[in-house]
Structure formats: structure tokens, C-alpha cells
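Enquirer:
So this is what it looks like as C-alpha cells:
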């Protein structure tokens, strides 16, 4: 009798475990970005990776194939170096966005017109730079452990990294980059043949005699003295052709209280991209027992990268996924999804492949806020704020 009961109990446990196990056919989690648009979650330091130099690594988190050309994102990891990672250059068609996720990176940008200000910044975690087509720019990693995200819209420019990689990168322990003591500058002379190859990939190199990155930054900034950097608010320009920078938590911020609290911090809005792309961060309060998850079905492709905390993401037809810092998620247009935070001050970087993304949906019912933190109590109402 005891043997029968024990066998029955074990059978019940096995059946229960099987029912709770994730359905692999419906799993959001992937090891590399898919070759077609579908919902996916790419864990931190996963994804196809190449060596940009002997030390620097490029990971393809979102590609033109996975987003149907809407936008793409590569994660660039490396150590401090004595050289800029790219020749100063412009793009004819591609709008490039920089977002510092780890360490520090120096960023340079100058509108390619007579009399334009030559801007330079030292970007730390959470700092952002916008480089529209026609902007001369370059960048350099300057901390021992740095990650600079490059976001491109439309997608496709990431193919250049494949063309000039020195090989695939595979780390069983997923080291962010190759820790080599020496890493010589990778560039040789700009020959006519190389120039033609680069132009075909939407990179127009700026002659060294015409543009030299300035090195006179004071307190992390050089250029227009009227533009604050970590010491005052950064406004988004009305001119979509103007390059600009936004320091972490110094840009505009809005509070949405529909379901829990969300602090929306736009970095680039439809006005800066001709309605083709938006990007920024959202800070969430943890879901309370009486709250539901936030749901959305968007007309454009949507992606996020978790910056802090823990986020639960559900997409119709797939198993629920729990995201940690550094994980990337992608949701195609017209696909229903929901999300909520499980811990305080959860924050993600969002990307929308058009002007009617998640940020715009939330901003329609938000108020100007000005803080990177939500109210300290539940049930906040406009006009009733007290310290």
C-alpha cells in the first residue's frame, strides 16, 4: 500500500512539474536575434558577437532582419583606449543614437554646416547622444569596463561591423570583452578603395585635416557654453537636423499614474526624427496587489533594454519572461503584450519604430514631473502633492 501511494505521489509530482515547465515552442528567450520579426527576449551578453578589434566586442541585439528594417541596436563593450573607435564620419541616411550603459565614453558631434558648434561630451551611465544624418561624429571608450549602445534607424547600418570585424567572438562564460593589456589603433590610411567601400555602407569619412576631435573638455563638456551638462536641464531641440546630448536624469520627465507609477523620460521624440522613431527611459513602481499589469498593442515595432530592477513581460502566445539588467526584449507591431515591475525603481530603455509608440500612449495621460522618482505613496492625484 505504501509503495502504491508513493508511486502515485511521485507521478503527481512529475505531472505537476511538466505542467509548470515552460513550453519551448512558446518561449520568448533566444540566444541570438531572430532573422525575422517575432517577439523575443535576448538575455544579457547573449547574441551573435564579433570582434571589432582584438579587445572590443560588438553584440547584435536588434537587427534589420529582426525588426524588418525599422531600427537596430548593437552593444559595444570594451576597455579604455587611446584612440577613437571610428574615423570621424557622417551618415547620409542613418540616424544614430548613443546610450552609455556601463563605464564612460567620449562623444563628439558637429553639424556638417559652416559655423556649426563642435560639441564634445564625456558620457557616463544613462547619458545620451543624438546624431542625425549629416552630422560629423565619433566616439571613444574611456573606462576599464564600458558599454556604449548604438541604435540606428532605419536599421541596416549594423552590417558595417560585420564587414570590418576581425572574427566572431564566442565566450563560454560570456565575458563582456577580451581583457588584453594592449589594443593598438585599428585604422590605416583612408585609401580611395576603402572610402568607396565605406560610402556604400552609409559611412562618409571626414578628412583628418578638416575635422579633429577636440580634447579640451572641462567637467565633461566642450562646445556651446549655454548647453548644460550634468548641471542643468537639457531640452530637446525643435530642429530634427540638430545633434544634441541629454545627461542622465537632466532631460524632460513626465509622470503617468494610470496603473501604478511610471516616470517617462523621452530622449528623442517624433519631432526630432520626422515621426520615424522615439527613444527614452521609463521608471516603474512595483506592482501592488490591487494593480494589474500595463497592456499595450502598438502600431510600430517596440523594444526595450532593462537598466535596473526586474520586469515581467507577457506576450500573447508565448511564455511569460522575467527580465534582469541588460536583457533586451523586442515586440513586433500589432502584437499584444503586458508588463509590470516586481521590485522598486525598475527602469528600462525603450525604442519605438515610429511616432505612436508606448511613450506617446503613456504621455497622453501624463503630467510634467521633473523627477527621476515617483511619489512615495500610492494613490497620487494631481494637485494633492505634499512632501
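Residue numbers (mature numbering (1 follows the signal peptide of the UniProt record, and there is no 0)): -17 to -1, 1 to 370. From the three backbone atoms N, C-alpha and C, an ideal C-beta is built for every residue, glycine too.
Quick check: the Cα distance between residue 256 and residue 116, rounded to an integer number of angstroms?
Expert: As a first step, residue 256 is located in the chain shown; it is residue number 273 there, counting from the start. As a first step, residue 116 is located in the chain shown; it is residue number 133 there, counting from the start. Looking at the two C-alpha atoms, the distance is approximately 10 Å.
Enquirer: Considering only the alpha carbon of each residue, which of 25, 63, 70 and 319 lies closest to residue 196?
Expert: As a position in the chain shown, residue 196 is number 213, starting the count at 1. If you compare the alpha carbons of 25, 63, 70 and 319 with that of residue 196, the shortest gap goes to 70.
Enquirer: Return the residue from the list 353, 316 and 161 that minimises the CA-CA distance to residue 246.
Expert: Mapped onto the chain shown, residue 246 falls at position 263. If we check each option's Cα against that of residue 246, 353 comes out closest.
Enquirer: Determine the direct distance from the alpha carbon of residue 47 to that of residue 53, and round the result to whole angstroms.
Expert: As a working mapping, residue 53 is identified with position 70 in the chain shown. As a working mapping, residue 47 is identified with position 64 in the chain shown. Between residue 53 and residue 47, the C-alpha separation is close to 7 Å.
Enquirer: Using alpha carbons as the reference points, say which of 138, 207 and 226 lies closest to residue 184.
Expert: For the purposes of this step, residue 184 is identified with residue 201 of the chain shown, where counting begins at 1. Per the Cα distances, 138.
Enquirer: What three-state label does DSSP hand residue 2 in the structure shown?
Expert: Here residue 2 refers to the residue found at position 19 when the chain shown is read from its first residue. With a pLDDT of 33 at residue 2, under the threshold of 50, the modelled position of that residue is not reliable, and the figure given next carries that caveat. Residue 2: helix per DSSP, three-state reduction.
Enquirer: How would you call residue 19, buried or exposed, if buried means at least 16 neighbouring beta carbons within 10 angstroms?
Expert: Reading the chain shown from its first residue, position 36 is the one you call residue 19. With fewer than 16 Cβ atoms within 10 Å of its Cβ, residue 19 is classed as exposed.
Enquirer: Alpha carbon to alpha carbon, what distance is there between residue 175 and residue 190?
Expert: What you label residue 190 is simply residue 207 of the chain shown in a count that begins at 1. What you label residue 175 is simply residue 192 of the chain shown in a count that begins at 1. Between residue 190 and residue 175, the C-alpha separation is close to 12 Å.
Enquirer: Given 8 Å as the limit, is there contact between the stretch 112 to 127 and the stretch 74 to 81, that is, 3 or more CB pairs closer than that?
Expert: Result yes; three or more Cβ-Cβ pairs closer than 8 Å.
Enquirer: Output yes or no for whether 8 Å exceeds the beta carbon distance between residue 85 and residue 37.
Expert: Within the chain shown, residue 85 is the residue found at index 102, counting from 1. Within the chain shown, residue 37 is the residue found at index 54, counting from 1. Contact: no.
Enquirer: Have a look at residue 300 and residue 268 and give me their C-alpha separation to the nearest angstrom.
Expert: The residue given as residue 300 occupies position 317 in the chain shown. The residue given as residue 268 occupies position 285 in the chain shown. Near 26 Å, if we compare the C-alpha coordinates of residue 268 and residue 300.
Enquirer: By a C-beta neighbour count over all protein chains shown, 10 Å radius and 16 as the cutoff for buried, is residue 425 buried or exposed?
Expert: The question about residue 425 has no answer here: the residues shown for the chain are numbered -17 through 370.
Enquirer: Helix, strand or coil: which one does DSSP assign to residue 20?
Expert: Position 37 of the chain shown, counted from the first residue, corresponds to residue 20. Here residue 20 sits in coil by DSSP.
Enquirer: Just verifying my parser: in three-state terms, what is the DSSP assignment at residue 9?
Expert: The count along the chain shown starts at 1 and reaches residue 9 at position 26. Three-state DSSP puts residue 9 in a helix.
Enquirer: Could you compute how far the alpha carbon of residue 308 sits from the alpha carbon of residue 288?
Expert: Reading the chain shown from its first residue, position 325 is the one you call residue 308. Reading the chain shown from its first residue, position 305 is the one you call residue 288. Using only the alpha carbons, I get a separation of about 8 Å.
Enquirer: Measure the alpha-carbon distance for residue 360 versus residue 323 and round it to whole angstroms.
Expert: As a first step, residue 360 must be located in the chain shown, where it is residue number 377. As a first step, residue 323 must be located in the chain shown, where it is residue number 340. Each residue's Cα considered, the two are about 18 Å apart.
Enquirer: Helix, strand or coil: how does DSSP classify residue 103 here?
Expert: For the purposes of this step, residue 103 is taken as the residue at position 120 of the chain shown. Here residue 103 sits in strand by DSSP.
Enquirer: Using CA coordinates, which residue listed in 330, 274, 363 and 348 is at the minimum distance from residue 355?
Expert: By 1-based counting over the chain shown, the position of residue 355 is 372. Nearest C-alpha to residue 355: 330.
Enquirer: Thinking C-beta only, is residue 200 closer than 8 Å to residue 92?
Expert: In the chain shown, counting from the first residue as 1, residue 92 sits at position 109. In the chain shown, counting from the first residue as 1, residue 200 sits at position 217. It is not a contact, given that the beta carbons lie outside the stated cut-off.
Enquirer: Per DSSP, residue 364 forms a beta bridge with which residues?
Expert: On the chain shown, position 381 is the one that residue 364 refers to. Residue 364 is not bridged to any residue.
Enquirer: Less than 8 Å between the CB atoms is what I'm expecting for residue 40 and residue 144, so what's the real figure, rounded?
Expert: Residue mapping note: residue 40 aligns to position 57 of the chain shown, counting from 1. Residue mapping note: residue 144 aligns to position 161 of the chain shown, counting from 1. Residue 40 to residue 144, Cβ: 10 Å. No contact.
Enquirer: For the putative contact between residue 381 and residue 64, defined by C-beta atoms under 8 Å, what is the C-beta separation to the nearest angstrom?
Expert: Nothing can be reported for residue 381: it is not among the residues displayed for the chain, which extend from -17 to 370.
Enquirer: Over the uninterrupted alpha helix (DSSP H) stretch that includes residue 180, give me the two end residues.
Expert: Walking along the chain shown from the start, residue 180 turns up at place 197. Element bounds for residue 180: 175 to 183.
Enquirer: Quick check: what's the CA-CA separation for residue 377 versus residue 298?
Expert: Past the edges of the chain, shown from -17 to 370, lies residue 377, and the structure says nothing about it.
Enquirer: Can you check whether the CB of residue 222 is closer than 8 Å to the CB of residue 10?
Expert: The residue labelled residue 10 in the question sits at position 27 within the chain shown. The residue labelled residue 222 in the question sits at position 239 within the chain shown. No.
Enquirer: Can you tell me whether residue 62 is buried or exposed, with buried defined as 16 or more other CB within 10 angstroms of its CB?
Expert: Within the chain shown, the letter at position 79 stands for residue 62. Residue 62 comes out buried.
Enquirer: Name the two residues that bound the continuous beta strand (DSSP E) containing residue 354.
Expert: As a position in the chain shown, residue 354 is number 371, starting the count at 1. Membership of residue 354 in any beta strand (DSSP E) is not indicated, and neither H nor E is assigned to it by DSSP.
Enquirer: What's the C-alpha gap between residue 4 and residue 315?
Expert: To locate residue 4, count along the chain shown from 1; it is residue 21. To locate residue 315, count along the chain shown from 1; it is residue 332. Residue placement at residue 4 is poorly supported in this model, since its pLDDT is 37, which falls under 50; the coordinates still yield a value, given next. Computed Cα separation, rounded: 25 Å.
Enquirer: If distances are taken between C-alpha atoms only, which option among 170, 120, 157 and 341 comes closest to residue 148?
Expert: For the purposes of this step, residue 148 is taken as the residue at position 165 of the chain shown. When each option's Cα is compared against that of residue 148, the closest is 170.
Enquirer: How many whole angstroms separate the CB atoms of residue 239 and residue 348, which I take to be in contact at a CB cut-off of 8 Å?
Expert: Indexing the chain shown from 1 puts residue 239 at position 256. Indexing the chain shown from 1 puts residue 348 at position 365. Right, the Cβ-Cβ distance comes to about 6 Å (below 8 Å), so this counts as a contact.
Enquirer: Here's the rule I'm using: 16 or more other beta-carbon atoms within 10 Å means buried, otherwise exposed. How should residue 151 be labelled?
Expert: Here residue 151 refers to the residue found at position 168 of the chain shown. Flag for residue 151 reads exposed.
Enquirer: Using a Cβ-Cβ cutoff of less than 8 Å, which residues in the same chain neighbour residue 187 once the five nearest sequence positions on both sides are dropped?
Expert: Here residue 187 is taken as the residue at index 204 of the chain shown, counted from 1. These residues qualify, in order along the chain: 72, 73, 74, 75 and 181.
Enquirer: According to DSSP, is residue 342 helix, strand or coil?
Expert: Counting from 1 along the chain shown, the entry for residue 342 is found at position 359. The answer is helix: DSSP assigns residue 342 an H, G or I state.
Enquirer: Could you name the residues that DSSP lists as bridge partners for residue 248?
Expert: Position 265 of the chain shown holds residue 248. Bridge partners of residue 248: 264.
Enquirer: Skipping 5 residues on each side, what residues in its chain have a beta carbon closer than 6 Å to that of residue 311?
Expert: Walking along the chain shown from the start, residue 311 turns up at place 328. Around residue 311: 25, 44 and 288.
Enquirer: Using 10 angstroms around the beta-carbon of residue 305, count the other beta-carbons present and answer buried if the total reaches 16, otherwise exposed.
Expert: If you number the chain shown from 1, residue 305 lands on position 322. Classification for residue 305: exposed.
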